[in-house]
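Engineer:
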Amino acid sequence: MSFEQHPELSVIVPVLNESAALLPFLTGLARQEQIRFEVILSDGGSRDGSVELAESFKEQLPFPLSVLAGPRGRAGQLNRGAALARAPQLLFLHCDCELPDPLALRNALDALAREAARGDRVAGRFRLEFDFPGPIPLPYRYYGAKATLDRPGCTHGDQGFLMSAALFRECGPFDETLPIMEDTFLAERLRRTGRWLLFPATLKTSPRRFLSEGLLPRQTLNAMISNLAAIGRLDLIEELKGCYRSQHAATRLELAPFYHTIRLWIDRLPQEERREFWLATGNFVRQSAWQIPFFCDVLLASALPGTGGSFLRLHDRFLARLLDCRLADRLAARLVRIWFWAVCRNLARQTQNGR
Numbered sequence: 001m002s003f004e005q006h007p008e009l010s011v012i013v014p015v016l017n018e019s020a021a022l023l024p025f026l027t028g029l030a031r032q033e034q035i036r037f038e039v040i041l042s043d044g045g046s047r048d049g050s051v052e053l054a055e056s057f058k059e060q061l062p063f064p065l066s067v068l069a070g071p072r073g074r075a076g077q078l079n080r081g082a083a084l085a086r087a088p089q090l091l092f093l094h095c096d097c098e099l100p101d102p103l104a105l106r107n108a109l110d111a112l113a114r115e116a117a118r119g120d121r122v123a124g125r126f127r128l129e130f131d132f133p134g135p136i137p138l139p140y141r142y143y144g145a146k147a148t149l150d151r152p153g154c155t156h157g158d159q160g161f162l163m164s165a166a167l168f169r170e171c172g173p174f175d176e177t178l179p180i181m182e183d184t185f186l187a188e189r190l191r192r193t194g195r196w197l198l199f200p201a202t203l204k205t206s207p208r209r210f211l212s213e214g215l216l217p218r219q220t221l222n223a224m225i226s227n228l229a230a231i232g233r234l235d236l237i238e239e240l241k242g243c244y245r246s247q248h249a250a251t252r253l254e255l256a257p258f259y260h261t262i263r264l265w266i267d268r269l270p271q272e273e274r275r276e277f278w279l280a281t282g283n284f285v286r287q288s289a290w291q292i293p294f295f296c297d298v299l300l301a302s303a304l305p306g307t308g309g310s311f312l313r314l315h316d317r318f319l320a321r322l323l324d325c326r327l328a329d330r331l332a333a334r335l336v337r338i339w340f341w342a343v344c345r346n347l348a349r350q351t352q353n354g355r
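Numbering (UniProt numbering), first residue to last: 1 to 355.
1. Whole angstroms are fine: how far does the CA of isoleucine 262 sit from the CA of lysine 241?
2. Measuring only the C-alpha atoms, how far is glutamine 291 from leucine 61?
3. Does the distance from the C-beta atom of serine 66 to that of leucine 22 stay below 8 Å?
4. Using a Cβ-Cβ cutoff of less than 8 Å, which residues in the same chain neighbour phenylalanine 168 once the five nearest sequence positions on both sides are dropped?
5. In the DSSP assignment, what are the bridge partners of glutamine 89?
6. What does the Cβ neighbour count give for arginine 125, buried or exposed, with the cut at 16 atoms within 10 Å?
7. Tell me the residue span of the beta strand (DSSP E) that contains aspartate 43.
8. Answer with buried or exposed for glutamine 154, where buried requires no fewer than 16 other C-beta atoms within 10 angstroms of its C-beta.
9. Buried or exposed: which applies to leucine 312, given that a residue is buried once 16 or more other Cβ atoms fall within 10 Å of its Cβ?
10. Against chain C, does arginine 31 count as a neighbour if the rule is that its beta carbon must be under 8 Å from one of theirs?
11. Report, in whole angstroms, the separation of the C-beta atoms of residue 358 and threonine 148, which I expect to be a contact under 8 Å.
12. Given that a residue counts as buried once 16 or more other Cβ atoms are within 10 Å of its Cβ, and exposed if not, what is asparagine 346?
13. Where DSSP assigns a beta bridge to valine 343, which residues make up the other side?
14. Leaving out five residues on either side along the sequence, give the residues of the same chain with a beta carbon under 6 Å from the beta carbon of leucine 105.
15. Please name the residue in Glu272, Cys296, Gly172 whose C-alpha comes closest to that of alanine 75.
16. When burial is assigned at 16 or more other CB atoms within 10 Å of the CB, is asparagine 79 buried or exposed?
17. So glycine 76 is in the alpha helix (DSSP H); what residue range does that whole segment cover?
18. When we look at the beta-carbon of glutamine 350 and count the other beta-carbons within 10 Å, is it buried (16 or more) or exposed?
19. Taking the alpha carbon of leucine 304 as the point to measure from, which residue in Arg127, Leu112, Ala230, Ile12 has its own alpha carbon closest?
20. For threonine 202, I'd like the list of residues in its chain whose CB is within less than 6 Å of its CB, leaving aside the five on either flank, ordered along the chain.
21. Glycine 306: which of Trp196, Leu279, Ala229 sits nearest, CA to CA?
22. Determine the closest residue to threonine 184 out of Gln159, Leu16, Glu238, with distance taken between C-alpha atoms.
23. Apart from the five residues on each side of it in sequence, which residues of its chain come closer than 8 Å, Cβ to Cβ, to alanine 250?
24. Do the segment 254-261 and the segment 219-234 make contact, defined as three or more Cβ pairs closer than 8 Å?
25. Are leucine 29 and valine 39 closer than 8 Å when you measure CB to CB?
26. Which whole-angstrom value is the C-beta distance of leucine 279 and alanine 342, which I expect to be below 8 Å?
27. Rounding to the nearest angstrom, what Cα-Cα distance links arginine 233 and histidine 156 in this structure?
28. CB-CB under 8 Å to aspartate 316, same chain, minus the five flanking residues each way: which ones, in chain order?
29. Name the DSSP bridge partner or partners of arginine 195?
30. Compare the C-alpha of arginine 141 against each of Ile266, Arg337, Pro207 and name the closest.
31. What are the boundary residues of the alpha helix (DSSP H) that includes leucine 314?
32. Under the assumption that alanine 116 contacts serine 164 (Cβ atoms under 8 Å), give the Cβ distance between them as a whole number of angstroms.
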């Protein structure tokens, strides 16, 4: 099929062994209406026939499809896809998602154009819903609701990132030194100098990664890396990358290697630097305490998209101000330190007992 007109939008998708999800994903995109777009699949070394499947399906699609190959690593795959894009607007999207609204892309592009016309540095993301066959479990409802908030750490790549190519050149690229969370780091760089829109359309995403790795281990690791970024200690990331690479073939994410690496790193710090590390960590945890009242809002089904509910409002109005002090940081630091060393000791006992 020939496509003479230049696309309005380039959809960039990182792919790694996605043969099961690829055709449903492409078929779903084919249902998008009133928009000219291209799709760029950036493969990271698939061994399940993903590339061959995509190539064989090209002629059946109502949009141009490009497939490029390169080294494994989601950040690098996204950057290579962006370099190949022909459109003035970019949408970074995951392969395990679906946009049920056939006008989702059209409406999102128009909304972004209206805001950008005001001279704002603006990008957008979709509302997030985990695709379960029945009722959505509470933890997944919480993370879906959290993704609507315009707060640091709440904007992630599984919502889709829509932005102009020019803005991506300014705020990007994705950081290829990070083993995970390259999307979150890009989102926060943009948030510091611009703002994020929340589109009305919902993006349904598969919970498969959380189900296979474990929701708690994945969120715990994300919190650890977010903390290291917030306190300016990303020098530890290089050591953690080895822990993450060693688990590519595993199903459930094992946190023991990460705890062990972080513990050894902390032990090597001079005493004063170690004290500052824990105090900065306490500050990060204290500033993240809003998630507890927000969880209560979600539990009681009172959380409004983008704003939260009464518990979060009470926290922001009163409790956040009350806790904004050195004493609260020290208390949080002490609690986190006790928790961390307790987990490390428990993991050490499990290792000695052969689990």
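From the three backbone atoms N, C-alpha and C, an ideal C-beta is built for every residue, glycine too.
Structural biologist: Let me lay it out:
1. Taking the first residue of the sequence shown as 1, we reach residue 241 at position 241. Taking the first residue of the sequence shown as 1, we reach residue 262 at position 262. Taking the CA atoms as reference points, lysine 241 sits about 12 Å from isoleucine 262.
2. For the purposes of this step, residue 291 is taken as residue 291 along the sequence shown, with counting starting at 1. For the purposes of this step, residue 61 is taken as residue 61 along the sequence shown, with counting starting at 1. Each residue's CA atom was taken as its position, placing glutamine 291 and leucine 61 some 43 Å apart.
3. For this step, residue 66 is matched to residue 66 along the sequence shown. For this step, residue 22 is matched to residue 22 along the sequence shown. No. Outside cutoff.
4. Residue 168 sits at position 168 when you count from the first residue of the sequence shown. So the list reads Ala82, Leu90, once near-sequence residues are dropped.
5. Position 89 of the sequence shown, counted from the first residue, corresponds to residue 89. For glutamine 89, which the question treats as bridged, DSSP gives the partners Leu9, Ser164.
6. Here residue 125 refers to the residue found at position 125 when the sequence shown is read from its first residue. Per the 10 Å Cβ criterion, buried.
7. If you number the sequence shown from 1, residue 43 lands on position 43. 37-43 is the extent of the beta strand (DSSP E) around aspartate 43.
8. Taking the sequence shown and counting its residues from 1, the one referred to as residue 154 is at position 154. According to the sequence as given, residue 154 is cysteine; it is not glutamine. Buried, because 16 or more other Cβ atoms sit within 10 Å of the Cβ of cysteine 154.
9. The residue you call residue 312 lines up with position 312 of the sequence shown. Looking at its Cβ environment, which holds 16 or more other Cβ atoms inside 10 Å, leucine 312 is buried.
10. The chain labelled as chain C is not found in the depicted structure, where only one protein chain is given.
11. The first residue shown for the chain is 1 and the last is 355, placing residue 358 beyond what the model contains.
12. Along the sequence shown, read from residue 1 onward, the residue named residue 346 stands at position 346. That one is exposed.
13. Here residue 343 refers to the residue found at position 343 of the sequence shown. According to the DSSP secondary-structure assignment, valine 343 is paired through a beta bridge with no residue.
14. By 1-based counting over the sequence shown, the position of residue 105 is 105. Shown here for leucine 105: same chain residues with a beta carbon closer than 6 Å to its own, the five before and five after excluded, namely Gln32, Ile35 in chain order.
15. Residue numbering aside, residue 75 sits at position 75 when the sequence shown is read from its first letter. That would be Gly172, whose Cα lies nearest to the Cα of alanine 75.
16. For this step, residue 79 is matched to residue 79 along the sequence shown. With 16 or more other Cβ atoms inside 10 Å of its own Cβ, asparagine 79 counts as buried.
17. Here residue 76 corresponds to residue number 76 of the sequence shown, with the count starting at 1. Element bounds for glycine 76: 74-84.
18. In the sequence shown, the residue the question calls residue 350 occupies position 350. With a threshold of 16 other beta carbon atoms within 10 Å, glutamine 350 falls short and is exposed.
19. Looking up residue 304 in the sequence shown gives position 304. Minimum Cα distance to leucine 304 is reached at Arg127.
20. Within the sequence shown, the letter at position 202 stands for residue 202. Residues Arg127, Glu129 of the same chain have their beta carbon placed closer than 6 Å to that of threonine 202, with the five preceding and five following residues left out of the count.
21. Locating residue 306 in the sequence shown gives position 306, where the first residue counts as 1. With distances taken between Cα atoms, glycine 306 lies closest to Trp196.
22. As a working note, residue 184 is residue 184 in the sequence shown. Nearest C-alpha to threonine 184: Gln159.
23. Looking up residue 250 in the sequence shown gives position 250. Its pLDDT being 49, under 50, alanine 250 is placed unreliably by the model, and the measurement read from it follows with that caveat. In the same chain as alanine 250, and ignoring 5 residues on each side of it, no C-beta atom comes closer than 8 Å to its own.
24. Short answer: they touch.
25. Here residue 29 corresponds to residue number 29 of the sequence shown, with the count starting at 1. Here residue 39 corresponds to residue number 39 of the sequence shown, with the count starting at 1. In this structure, the beta-carbon distance from leucine 29 to valine 39 falls below 8 Å.
26. If you number the sequence shown from 1, residue 279 lands on position 279. If you number the sequence shown from 1, residue 342 lands on position 342. The Cβ separation is near 19 Å, so there is no contact.
27. Residue numbering aside, residue 233 sits at position 233 when the sequence shown is read from its first letter. Residue numbering aside, residue 156 sits at position 156 when the sequence shown is read from its first letter. Here the alpha carbons of histidine 156 and arginine 233 stand approximately 21 Å from one another.
28. Here residue 316 corresponds to residue number 316 of the sequence shown, with the count starting at 1. Same-chain partners within the cutoff: Trp290.
29. Reading the sequence shown from its first residue, position 195 is the one you call residue 195. Residue pairing by DSSP puts arginine 195 in a beta bridge opposite Val122.
30. For the purposes of this step, residue 141 is taken as residue 141 along the sequence shown, with counting starting at 1. Of the listed residues, the one whose Cα sits closest to arginine 141 is Pro207.
31. Counted from its first residue, the sequence shown places residue 314 at position 314. Start and end: 310-314.
32. Working through the sequence shown from its first residue, we reach residue 116 at position 116. Working through the sequence shown from its first residue, we reach residue 164 at position 164. Right, their Cβ atoms sit about 7 Å apart.
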